[in-house]
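Residue numbers (my numbering): 423 to 576.
Below is the structure:
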């Protein structure tokens, strides 16, 4: 029984950590909107206010397709991992929370600003934010769990 309590505590702490990252993400965006950006490493890495009107990695897509794509992706994740979520598998909970909270932060951007605000910019063209990193980390965990599961079936 104590193991279940520790597992639940870890999950709660993980979710609180993810929520803190999302608040950090939004705080950075509002700060940059007021004060502007700065260079961390000139000609390589800067922090600035970049409008991303496309989808992941700035891929252009009309707005009328973005919302259905986001909704379909989230429904697919919940459908695919629903049984494992009901069973309380902590890695799946953590990964799904990461994807959902990152998506919620970017959705807030779309509703508030009219676009997603990216702010970490590398000179070779990649621009993203903490919410994007949270989504990617959640997807990596889900893929890792899928690979682990497929190894046990072989």
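Yeah, the Cβ is synthetic: ideal placement off N, Cα and C, and Gly gets one too.
Here the structure is a predicted model, which means the values were calculated and not measured.
For the pair the region 516–533 and the region 552–563, tell me if three or more CB-CB distances fall below 8 angstroms. yes
Mapping DSSP to helix, strand and coil, what is residue 431? helix
Quick one: grab the DSSP three-state call for residue 501. helix
Quick check on the burial criterion: 16 or more other C-beta atoms within 10 angstroms. Buried or exposed for residue 465? exposed
Mapping the DSSP letters down to three states, classify residue 511 as helix, strand or coil. coil
Pull the bridge partners of residue 542 from the DSSP assignment, please. 469, 550
DSSP state of residue 566, grouped into three classes? helix
To the nearest angstrom, report how far apart residue 563 and residue 503 are at their CA atoms. 12 angstroms
Beta-carbon gap between residue 448 and residue 530 smaller than 8 angstroms: yes
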